[in-house]
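Step one of this worksheet: look at the structure below.
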Amino acid sequence: MKRPIAISDSANFYVSAERIFDPALKNVPVIVLSNNDGCAVARSDEAKALGIKMGEPLHLLRDKIKAHGVKVFSSNYTLYGDISRRVVEVYEDFTPNVEIYSIDECFLDFGGFKDRAEHARAMRREVLRRIGVPVRVGIAPTKTLAKCANDIAKKNPIFGGVLDMMDDTLADWLLPMVPVGDIWGIGRKTDAKLRQLGIQTASDLRAMPLRQARAVGTVVLERTVLELQGEPCLAFDDVEPQRKGMAVTRSAGQPMTDFDTVFQAVSAHVTRAAEKLRQHGLVAGTLTVFFHTNRHRKDRPQYAGSRSTRIMPMSCDTFELVRAARRCADAAWPKGQAAKFGFTKAGVMLDDLLPIEDRPRTLFDAPRSKSGEAMRALDLINDRFGKKTMVLASEGVNRPWQLRAEHRSPRYTTRLSDLPIVR
DNA sequence: TCTGGGGTCCTAGGACCC
DNA sequence: TCTGGGGTCCTAGGACCC
């Protein structure tokens, strides 16, 4: 039998988190707002029943809030993160292998338990008792099927929050009831394409020929089909992945019209990003600054400015990063015509992250990221030391210095150990 | 001698997720 | 007037290399 994977997630997590501290919030409509209190990002069941949509702007909800006494909260991510960590601790009492997928979802290795559903129910009771957050559990041979089971358990109270779908006949019975757009990995666009082809349910998608799936939605869709067939394509992975990038972005309450105001916002975001880097013990190799006008105002002139730069040496230093951001912001600024734009969003993204202890110690000042320049540099070096004397330029992470896997030319094949020492 | 086909790298953009 | 923020993965196509 295939190894059972469970996914446990919390219902309306942010709302559930707020409810822990105020029992009066039970059974009444509650919403939690995004940063800047712009729109609703979490809704209690009661709020959903009022027709409040995910991402709906607050200013369109005023009437409903007033008429139904909806309780409204600003989000408190520090608190939610803390609660999330505690929930994971409970999961770890019930299985040795936990993969944290998001702030409110974990995949759990449920292999080896005799009565999986009862094990899940016990876990559910314990999370509720210790933390006060209700969770739901779906169990199946693949992650995609487990998500389906979880979704079914969510929508049908009859399951009591736990659905074990390891049994094929149960899946055969339930999958025709799952709309194709509800499947994990099927977004709006793919949903529309599939419906054009007459594929309406999870059961239909499971029967889709693999070649057709690949043609319609690349390997991603092909994998989804396989997963629905019970063939695991998405591995269970309980090692925390090295994060690849991070971003700090904010909408501005007031449109920003001059460079100083925009840069002030940008440098605040960069400062925050640098703190995040240090908090995670990382350094960044690339920094991107962007700012843009309000996309929702189609009647206004639009502009989106964005520039990237390499951070060399890689850094998590606020001063270095702000200085780089300044150069980017200058370069991206619409000189001469800036007056007609009102910028409402600005941000910074950091990429090519590395743990600080892995920061490459470059032998040379790296040229720009163009491989051509790196190659020219190598040619120069080789001319100087002779054709057989290949100098390897880096320890790998920084693309331009990564030795390419081209083994045909003698210029690039000398092994490091065969080299005369060159420093 | 072998100059074109095969391979890698990079970027931008799309789609999706919570 | 007022419309989130932070991620990942995949692909196509061009640049570049020998």
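Counting from 1, position 138 in the first sequence corresponds to residue 123 in my numbering; the numbering is continuous, with no gaps.
Idealized CB from N, CA, C, for every residue including glycine.
Being a predicted model, the structure only gives us computed values, none of them experimental.
Using alpha carbons as the reference points, say which of the options lies closest to residue i.
i       : options                        : result
Asp152  : Gly266, Lys178, Lys(-13)       : Lys(-13)
Glu3    : Thr63, Glu260, Gln249          : Thr63
Asn427  : Glu31, Thr294, Glu225, Glu216  : Past the edges of the chain, shown from -14 to 408, lies residue 427, and the structure says nothing about it.
Val57   : Leu43, Arg70, Ser69, Tyr65     : Leu43
Gln322  : Leu213, Pro286, Leu179, Pro345 : Pro286
Asp67   : Phe95, Asp48, Lys33, Phe(-2)   : Phe(-2)
Phe98   : Thr129, Lys320, Phe79          : Phe79
Ser(-5) : Thr175, Cys91, Leu190          : Cys91
Glu260  : Ile296, Val247, Phe304, Phe248 : Phe304
Lys49   : Leu306, Ile16, Thr175          : Ile16
Ile341  : Gln264, Arg47, His254          : Gln264
Asn82   : Arg47, Arg295, Val224          : Val224
Val147  : Glu103, Leu190, Ile171, Gly183 : Glu103
Arg280  : Ala237, Pro319, Trp318, Lys320 : Ala237
Gly170  : Val210, Leu182, Gly96, Arg180  : Val210
Tyr86   : Ser(-7), Gly145, Ala134, Val75 : Ser(-7)
Which value, in whole angstroms, describes the spacing of the CA atoms of residue i and residue j?
i       : j        : result
Arg308  : Gly327   : 24 Å
Gly105  : Val122   : The sequence shown places Ala at residue 105, rather than the Gly named in the question. Roughly 7 Å separates the two Cα atoms.
Glu84   : Glu77    : 10 Å
Met375  : Asp315   : The pLDDT assigned to Met375 is 41, lower than 50, so where the model puts this residue is not dependable, and the model offers no usable value.
Thr203  : Asp167   : 19 Å
Val112  : Asn20    : 28 Å
Ala232  : Arg311   : 17 Å
Ala250  : Ala187   : 45 Å
Asp89   : Ala131   : 15 Å
Ile5    : Lys325   : 48 Å
Ser291  : Arg235   : 15 Å
Thr127  : Gly215   : 6 Å
Val201  : Arg173   : 14 Å
Arg196  : Leu45    : 44 Å
Leu335  : Ala289   : 18 Å
Ala138  : Ser293   : 45 Å
Ala(-9) : Glu212   : 14 Å
Ser252  : Asp136   : 42 Å
Met108  : Asp149   : 14 Å
Leu155  : Pro(-11) : 15 Å
Ala52   : Ala34    : 14 Å
Leu306  : Cys313   : 10 Å
Ile296  : His254   : 17 Å
Thr256  : Leu272   : 12 Å
Pro8    : Arg115   : 15 Å
Val73   : Ala258   : 26 Å
Glu380  : Val247   : Below a pLDDT of 50, predicted positions are generally treated as unreliable, and Glu380, at 31, falls in that range; the measurement from the model is reported next regardless. Using only the alpha carbons, I get a separation of about 37 Å.
Met193  : Leu262   : 44 Å
Asp176  : Gln185   : 8 Å
Asp183  : Val165   : The sequence shown places Gly at residue 183, not Asp. Rounded to the nearest angstrom, the two C-alpha atoms are 11 Å apart.
Gly36   : Pro345   : 53 Å
Ser354  : Leu339   : Per-residue confidence for Ser354 stands at a pLDDT of 38, beneath the threshold of 50, marking its modelled position as unreliable; the derived number appears in the next sentence. Those two C-alpha atoms are separated by around 17 Å.
Pro14   : Gly54    : 7 Å
Ile75   : Lys283   : Contrary to the premise, residue 75 reads as Val rather than Ile in this sequence. Whole-angstrom Cα-Cα distance: 49 Å.
Name the one or two DSSP bridge partners that residue i has.
i       : result
Ser19   : Answer by DSSP bridge pairing: none, since Ser19 is not bridged.
Cys313  : Per DSSP, none; premise fails for Cys313.
Glu77   : DSSP output for Glu77 lists no bridge partner at all.
Thr273  : Ser293, Met334
Ser431  : What is shown of the chain runs -14 to 408, which leaves residue 431 out entirely.
Lys56   : Val15
Phe326  : BP columns for Phe326 are empty, so no partner.
Ile(-8) : Phe92, Gly123
Gly230  : Asp336
Ser236  : Lys330
Val268  : Leu339
Val72   : None, per the DSSP bridge assignment.
Met241  : Phe328
Val83   : Leu93
Arg28   : Ile16
Ser300  : Ala269
Pro42   : Cys24
Thr278  : Phe328
Kindly examine the ligand SAM and report whether one of its heavy atoms sits closer than 6 Å to the Cβ of residue i.
i      : result
Ser293 : Absence of the ligand SAM from the depicted structure is noted, as is the absence of any ligand whatsoever, leaving it without description.
Counting Cβ pairs closer than 8 Å, one from the segment 186 to 205 and one from the segment 221 to 238, do we hit at least three? Touching, no, given that fewer than three Cβ pairs across the two stretches are closer than 8 Å.
Continuous beta strand (DSSP E) assignments of at least 3 residues falling wholly in the segment 137 to 190: Taking 3 residues as the minimum length, the beta strand (DSSP E) runs contained wholly in the segment 137 to 190 are 147 to 149, in order along the chain.
Just checking, does the segment 26 to 34 make contact with the segment 149 to 164 on the three C-beta pairs under 8 Å criterion? Contact between the segment 26 to 34 and the segment 149 to 164 is absent: fewer than three C-beta pairs spanning the two stretches fall below 8 Å.
On the three-pair Cβ rule with 8 Å, is the segment 237 to 246 touching the segment 208 to 227? In short, these stretches do not touch, since the Cβ pair count stays below three.
Does the pairing of the segment 263 to 274 with the segment 300 to 307 give three or more beta-carbon distances under 8 Å? Yes: the two stretches touch, three or more of their Cβ pairs being nearer than 8 Å.
Say whether the segment 274 to 288 touches the segment 327 to 346, bearing in mind that this needs 3 or more beta-carbon pairs closer than 8 Å, one atom from each stretch. With a cut-off of 8 Å, the segment 327 to 346 and the segment 274 to 288 count as touching, because enough Cβ pairs lie within range.
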